[in-house]
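Chemist: Here it is: the structure, laid out below.
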Amino acid sequence: MQEHLIEITDLTKIYGSGDIAVSALKSVNAAVERGEFVAVMGPSGSGKSTLMNILGCLDHPTDGAYELDGEDVSQLSKNELANVRNRKIGFVFQSYNLLPRLSAAKNVMLPLMYNSVDPLSDAECHERAIEALESVGLGDRTHHKPNELSGGQQQRVAIARALVNNPTIILADEPTGNLDTKSGQEIMVLLCQLHDQGATIVMVTHELDIAEHAQRVIYLVDGEIVSDKTQASGIAHLHNGYNGGAQ
172 MQEHLIEITD
182 LTKIYGSGDI
192 AVSALKSVNA
202 AVERGEFVAV
212 MGPSGSGKST
222 LMNILGCLDH
232 PTDGAYELDG
242 EDVSQLSKNE
252 LANVRNRKIG
262 FVFQSYNLLP
272 RLSAAKNVML
282 PLMYNSVDPL
292 SDAECHERAI
302 EALESVGLGD
312 RTHHKPNELS
322 GGQQQRVAIA
332 RALVNNPTII
342 LADEPTGNLD
352 TKSGQEIMVL
362 LCQLHDQGAT
372 IVMVTHELDI
382 AEHAQRVIYL
392 VDGEIVSDKT
402 QASGIAHLHN
412 GYNGGAQ
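First residue of the sequence shown: 172, per the numbering used here; consecutive thereafter.
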């Protein structure tokens, strides 16, 4: 039997008040099972970024409940949310969000260095970072800075950083949005491989050909879920159709 990793109940987010109040999310209900790969789609202003921020413990809902891994995180303090993010969530952003002056290895080490619950030595952090980079095909790029890497390689570094703390869930926000088609497909191969290995992934995308690789697609319009469908995953097709290496 599958287990809910995420469960949101009557989740509401309102910005502003009175006449200028905007309901970004309107009593949204959904669950994500452990090990699922879910894509979230919707037009601009549909609420998908707001939903992602709440799922990522970057923002509080105005009303409703959000349980992550059995813990209600909807009303936690900022410090408590930061602790949850560090322990349980790996983020992959459209713009990579790498620090330009740091090497790939040092960028990947950052989440470990902020882990106050289970601190590691510098040597242990470095070893874990190298292992994460090797897992995404960048074992030979550990000393390179972001400006010495292609867009696809920078996104691989970002994925390695998301993985280094062994997160409970990976949240990917338009992970192929800044990449050309070939590099975007390579990133999807990597995400699909991580899912095959048991990772739970929630991904925001506006690209249908990217969303088709997920098991489920949730579609938002005006802050409400209008469609939530399981689909015949394109993962097998993607794996079979690509035999290249890291770019």
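The beta-carbon is built from N, C-alpha and C at its ideal position, and this holds for glycine as well. Computed from a predicted model, the values in this text were never measured in an experiment.
Can you tell which of 333, 388, 304, 366 has its C-alpha closest to the C-alpha of residue 375?
Modeler: Per the Cα distances, 388.
Chemist: Report yes or no: do three or more beta-carbon pairs, one from the stretch 243-259 and one from the stretch 276-296, lie closer than 8 Å?
Modeler: A contact exists between the stretch 243-259 and the stretch 276-296.
Chemist: Tell me which residues share the same chain as residue 314 and place their Cβ nearer than 6 Å to its Cβ, disregarding the 5 neighbours each side in the sequence.
Modeler: So the list reads 274, once near-sequence residues are dropped.
Chemist: For the alpha helix (DSSP H) that contains residue 293, what are its first and last residues?
Modeler: 293-306 is the extent of the alpha helix (DSSP H) around residue 293.
Chemist: In the DSSP assignment, find the unbroken alpha helix (DSSP H) run with residue 277 in it and report its ends.
Modeler: First-last of the alpha helix (DSSP H) with residue 277: 275-284.
Chemist: What does DSSP give as the partner residue(s) for residue 178 in the beta ladder?
Modeler: Residue 178 pairs with 202, 238.
Chemist: Please specify which runs of the alpha helix (DSSP H), each continuous and at least 4 residues long, are wholly inside the stretch 184-229, giving them in chain order.
Modeler: You should have 219-226.
Chemist: State the start and end residues of the unbroken beta strand (DSSP E) segment that holds residue 354.
Modeler: Looking at the DSSP string, residue 354 is not in any beta strand (DSSP E); the run it does join, the alpha helix (DSSP H), is 352-367.
Chemist: Just the C-alpha distance for residue 398 and residue 200, rounded to the nearest angstrom, thanks.
Modeler: The alpha-carbon atoms of residue 398 and residue 200 are separated by roughly 12 Å.
Chemist: Quick one: what does DSSP say residue 343 is sitting in, helix, strand or coil?
Modeler: Three-state result, residue 343: strand.
Chemist: Determine the burial state of residue 353: buried for a count of at least 16 other Cβ atoms within 10 Å of its Cβ, exposed for fewer.
Modeler: Looking at its Cβ environment, which holds fewer than 16 other Cβ atoms inside 10 Å, residue 353 is exposed.
Chemist: Let me confirm a value: residue 172 is counted as buried when at least 16 other C-beta atoms fall within 10 Å, else exposed. Which label applies?
Modeler: Residue placement at residue 172 is flagged as unreliable, the pLDDT there being 45, under the threshold of 50; the coordinate-derived value follows with that caveat. Per the 10 Å Cβ criterion, exposed.
Chemist: Rounded to whole angstroms, what's the CA-CA distance from residue 217 to residue 318? Just pull it up for me.
Modeler: The straight-line gap from Cα to Cα measures roughly 34 Å.
Chemist: Could you check the C-alpha separation between residue 179 and residue 312 for me, to the nearest Å?
Modeler: Those two C-alpha atoms are separated by around 39 Å.
Chemist: In angstroms with no decimal places, state the Cα-to-Cα distance between residue 391 and residue 211.
Modeler: Roughly 7 Å separates the two Cα atoms.
Chemist: Using the C-alpha atoms, what's the distance from residue 193 back to residue 365?
Modeler: Roughly 37 Å between the two C-alpha positions.
Chemist: CB-CB under 8 Å to residue 227, same chain, minus the five flanking residues each way: which ones, in chain order?
Modeler: For residue 227, where only same-chain residues beyond five positions count, the Cβ hits under 8 Å are 256, 260, 262, 342.
Chemist: In the structure shown, what three-state DSSP assignment does residue 391 receive?
Modeler: Of the three classes helix, strand and coil, the one that applies to residue 391 here is strand, per DSSP.
Chemist: Which residues in the same chain as residue 207 place their Cβ atom closer than 7 Å to its Cβ, once the five residues preceding and following it in sequence are excluded?
Modeler: Contacts found: 371, 386, 387.
Chemist: Determine the closest residue to residue 266 out of 183, 325, 369, with distance taken between C-alpha atoms.
Modeler: Cα-wise, what sits closest to residue 266 is 325.
Chemist: Between which two residues does the alpha helix (DSSP H) containing residue 348 stretch?
Modeler: No alpha helix (DSSP H) contains residue 348, which DSSP labels as neither H nor E.
Chemist: With a CB to CB cut of under 8 Å and the five nearest residues on each side skipped, what residues in its chain are close to residue 187?
Modeler: So the list reads 193, once near-sequence residues are dropped.
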